[in-house]
Ligand code: SGN
Ligand code: CA
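Encoded structure:
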């Protein structure tokens, strides 16, 4: 054999070995999936055995937060490792993500990774930094969804979006890769309007969900909360959200009934029959009971609910919301299970970091709400569990405060790539090494951040949540709502008041704490260089 040939063969033979040395990354991010609806965080509502399997075999973060609780902004924070004011994508309404900026996928590519993105993108501009991508336009559809391909063409795939995204992701892995890979699986589930897979349509129907403790929040002392439009009672659309629809002739028109017909109009005739077989009898019964002219204008604000009729309808809406959301989570759990099974079967589990998270948390009736945006606990938090590759030996719960700006530096660190100075998040690897932690890791853990910073910008906009920023420490939260019609501070003691009903700001006895939190907030705004202060 000629010397050149044997050298070449050696190089080829070594490639997979070298590739094996660095772990693959599979980042699974869902939309609006909240920790309350994941059984390794909360056993009250649903069972998610596959998501729990990630936590059981790996780690579960108990204090995991976003920097700006909204889809596009969250995605931009994740991709750049920077807060919204630095990556430029502050809100869904006016932003176009500047894809020419430094991003983690680009840095991974430069470090020798092959990168792929499948699913919801929601950043308006064309994805950059991915060797392969296939995205949903905007929010995308649940049924027979259209995908935008890298060559700019668009085509609909048949089936349910959660399964299709998983299929595309597994097909990409299956192609084979000489380099280590980073695969971003971005689900549409569980975004509004919570349309289930047809095979799951009857799940959870016999379950009655317990109302959250602060369901009947009256928003006293919290001006911005009172002004918002995301109450299950008055803001959830009876057709669009709770799916009470028979036909355009028989069903009274609501604000969102046209959009609803568009979404279910994507089903084939046979599929639509399956859908209607379930929802139409429910809808008929609903209109029979409540009458056709009732509640097509929004229900009165919960604070003014007097009659038992309103209370009954409110609770009925909550049960419908919970059941449909739970069905959507079921499919998601199954599909994540399929990814784990595939990795196991291919012997890839030990050399892959599998991350499961959401773009933010969500309200499942807490404060009487659906949606997110606020810096209150349920939407400030986001689930975060990881299955770790060999070498990262930590298991169980991690209680340090982490944020979605930390994912970029973590992945770069894992790839052995330098972390640029302008990245604002920190690598989580020191928390993940467990028994192999170095002295330097221990030092990092000892000096871990004592507070996280948050800033939400999307106002005026749907749901009417005022702009606000704030900090959360292990026990307290300080927030400032600002804008043309609000200038209000809120302070909570999360230990005494975990449901965040009692705003302590300006109350006697809290002066010193208030001063200290203001000081901490200012330091973080300086550290992150946020001009809005
Ligand atoms: C849509 C939804 C809102 C939701 C935003 C943002 N309305 O506009 O309820 O808050 O998305 O969600 S809908 O009538 O279109 O369903 S995000 O997760 O993409 O930020
Ligand atoms: Ca979202």
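In the working numbering, the protein residues as written are 1101 to 1633.
By construction, the Cβ of each residue, glycine as well, lies at the ideal position given by its N, Cα and C atoms.
Best match in 1569, 1417, 1375, 1314 for proximity to residue 1632 [C-alpha to C-alpha]: 1569
Per-residue DSSP class, three states only, for residue 1462: coil
Alpha-carbon to alpha-carbon, residue 1408 and residue 1260: Across the structure, residue 1260 and residue 1408 are spaced so that their CA atoms are roughly 39 angstroms apart.
Residue 1358 to residue 1452 span [Cα, whole Å]: 44 angstroms
Proximity of residue 1217 and residue 1235 at Cβ, strictly below 8 angstroms: yes
Burial state of residue 1306 (16 or more Cβ within 10 Å): exposed
Per-residue DSSP class, three states only, for residue 1401: Residue confidence is low: residue 1401 scores 40 on pLDDT, short of 50, so the model does not pin down where it sits. No coordinate-derived value is stated.
Proximity test, residue 1292 beta-carbon vs ligand 1 heavy atom, cut-off 7 angstroms: yes
Test item: CB-CB of residue 1219 and residue 1133 under 8 angstroms: no
Simplified DSSP assignment, three categories, for residue 1261: helix
Residue 1184 beta carbon near ligand 2 (any heavy atom closer than 7 angstroms): no
Buried versus exposed call for residue 1254 [16 or more other C-beta atoms within 10 Å across all chains shown]: exposed
Touching by the beta-carbon criterion (3+ pairs, under 8 angstroms), the stretch 1188-1195 and the stretch 1206-1214: The stretch 1188-1195 is not in contact with the stretch 1206-1214.
For residue 1234, three-class secondary structure by DSSP: strand
Cβ pair count under 8 angstroms reaching 3, the stretch 1333-1344 against the stretch 1597-1610: no
Cβ-based neighbour list, residue 1477, same chain, cut-off 7 angstroms, excluding 5 preceding and 5 following: 1600
Assumed close pair residue 1294, residue 1232 - CB separation to whole angstroms, cut-off 8 angstroms: 29 angstroms between Cβ atoms; not a contact.
Segment contact, 8 angstroms Cβ cut-off, at least three pairs: the stretch 1499-1511 with the stretch 1162-1181: yes
Length at least 3, wholly inside the stretch 1535-1604: the beta strand (DSSP E) runs in chain order: Every unbroken stretch of the beta strand (DSSP E) spanning 3 or more residues and falling wholly within the stretch 1535-1604 is given here in chain order: 1551-1556, 1567-1573, 1576-1583, 1586-1593.
Residue from 1199, 1203, 1170, 1171 with nearest C-alpha to residue 1182: 1203
Anticipated Cβ contact below 8 angstroms, residue 1167 with residue 1184, distance rounded: 7 angstroms
Buried versus exposed call for residue 1377 [16 or more other C-beta atoms within 10 Å across all chains shown]: exposed
Which residues DSSP lists as bridging residue 1216, in chain order: 1232, 1283
Chain-order list of residues whose beta-carbon lies under 8 angstroms from that of residue 1285 (same chain, five-residue window excluded): 1126, 1127, 1128, 1129, 1218, 1219, 1265, 1266, 1269, 1439
Short Cβ contact (8 angstroms threshold) for residue 1258 with residue 1474: no
Residue 1423 (DSSP reduced to helix, strand or coil): If DSSP states are grouped into helix, strand and coil, residue 1423 belongs with the helices.
Under 5 angstroms, CB to nearest heavy atom of ligand 2: contacting residues: Having a Cβ closer than 5 angstroms to some heavy atom of ligand 2 are 1131, 1132, 1171, 1459.
Opposing strand residues paired with residue 1618 [DSSP bridges]: Paired residues: none, contrary to the question.
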